[in-house]
Amino acid sequence: MTPEDVMAIAPKVLTQAQRESYFADGYLLLEKVLTDEWIERLRQATDEKINESRGIA
Numbered sequence: 167m168t169p170e171d172v173m174a175i176a177p178k179v180l181t182q183a184q185r186e187s188y189f190a191d192g193y194l195l196l197e198k199v200l201t202d203e204w205i206e207r208l209r210q211a212t213d214e215k216i217n218e219s220r221g222i223a
């Protein structure tokens, strides 16, 4: 799909401004998508994997 094809369809999740920004800039910054609880869980999981990998290398 081209950007024009996408823009011809009504937005369902992103706002029209977000879609336009994405196609203009090539990225989209979404703030507060994850809760602080989820971020902490991801950090813990990442820390665990880093610690596990230390024994491999």
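Numbering-wise (our numbering), the sequence shown opens with residue 167 and increments by one. Glycine included, each C-beta is placed from N, C-alpha and C at the ideal position.
Close-in-space but distant-in-sequence residues of the same chain around residue i (CB under 7 Å, 5 per side omitted)
i           : result
residue 187 : 194
residue 214 : none
residue 178 : none
Cβ neighbours of residue i in the same chain (closer than 8 Å, five flanking residues each side left out)
i           : result
residue 172 : 185, 189
Endpoints, alpha helix (DSSP H) assigned at residue i
i           : result
residue 205 : 202-220
residue 183 : 182-191
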